[in-house]
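Residue numbers (our numbering): 2 to 261.
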């Protein structure tokens, strides 16, 4: 499952949102949606090839345009085969907006998160083994100085990794696709959560394990790779034994499903 959220600071309200979600494995099932109120339905185009590896999503927001400074969050859940034998469950997502003025546009990009499998493999009997979520944030600017007044977009994501993948080491790749105007990207921050964050908590999150204040040129065709080291996730946290509250009695259910 992945959250993909952005907040823009251009002078106009956005009238359309578009994003694409990919997998390096066969997408058996998916569910996707946005948190912005609109009476229009999502338009989803699926990968025409088999196995299906991406979905392309857009939504007309002209009935309730997104004002500058407001965040739109896209949530997508993918189901892929357990035995895909791929070293990393990589999900790529790009997200961009349409504005009333044709020449007003943001840099278009994609991103991917790669995580290797644990050395002991998927079937290892490891105590308290668990998966989690990598939290990421970065900003776009129209000036190389990266000053706050020149910020044009803030971006955040929450991407799941599974229990059989390495929790402390990941690799984030930002993929510049198009830049209508010169742009720069930076302030890369990465952290971790054991639970899926809501969009509100995602924007409040500030427990960063990686926090870079550098700014880099956004050049289409030149990926930006960021190794992510999240210390302290191994050994796995101890599990807790459930203890029934005092006075709580277990119900007996017979073969017909009736509770005695």
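Glycine included, every Cβ here is placed at the ideal spot set by N, Cα and C.
From which residue to which residue does the alpha helix (DSSP H) around residue i run?
i: residue 203; result: 200-205
If you draw a straight line from the C-alpha of residue i to the C-alpha of residue j, how long is it?
i: residue 106; j: residue 16; result: 12 Å
i: residue 173; j: residue 157; result: 13 Å
i: residue 89; j: residue 109; result: The pLDDT assigned to residue 89 is 47, lower than 50, so where the model puts this residue is not dependable, and the model offers no usable value.
i: residue 144; j: residue 190; result: 20 Å
i: residue 80; j: residue 232; result: 28 Å
i: residue 74; j: residue 247; result: 42 Å
i: residue 69; j: residue 39; result: 17 Å
i: residue 236; j: residue 50; result: 41 Å
i: residue 140; j: residue 23; result: 22 Å
Please return the same chain residues whose Cβ sits closer than 7 Å to the Cβ of residue i, not counting the five positions on each side in sequence.
i: residue 208; result: 192
i: residue 13; result: 100, 101, 102, 105
i: residue 240; result: 129
Output needed for residue i: all residues of its chain with C-beta closer than 6 Å, excluding positions within five of it in sequence on either side, in chain order.
i: residue 257; result: Reliability fails at residue 257, whose pLDDT of 48 lies under 50, so the model's placement of it is uncertain and the value that follows must be treated cautiously. Around residue 257: no qualifying Cβ.
i: residue 206; result: 136
Quick one: give me the first and last residue of the beta strand (DSSP E) that residue i is part of.
i: residue 48; result: Run containing residue 48: none; DSSP gives neither H nor E here.
i: residue 9; result: 3-9
i: residue 30; result: 30-35
i: residue 114; result: 109-115
i: residue 17; result: 17-24
Short of 8 Å in beta carbon distance, which residues of its chain neighbour residue i, apart from the five on each side in sequence? Order them along the chain.
i: residue 142; result: 148, 151, 152, 153, 184, 185, 186, 187, 216
Whole-angstrom Cβ separation of residue i and residue j, contact assumed at under 8 Å?
i: residue 9; j: residue 98; result: 6 Å
i: residue 177; j: residue 221; result: 5 Å
i: residue 2; j: residue 28; result: Actually they do not touch by this definition, with Cβ atoms about 13 Å apart.
i: residue 76; j: residue 4; result: 6 Å
i: residue 120; j: residue 204; result: At roughly 36 Å, the Cβ-Cβ gap does not stay under 8 Å, so residue 120 and residue 204 are not in contact.
i: residue 195; j: residue 116; result: Their Cβ separation, rounded to whole angstroms, is 15 Å, which puts residue 195 and residue 116 out of contact at 8 Å.
i: residue 45; j: residue 56; result: 6 Å
Please go through the region 147-210 and give each complete beta strand (DSSP E) segment of 3 or more residues, from N-terminal end onward.
-> 152-162, 170-179, 185-194
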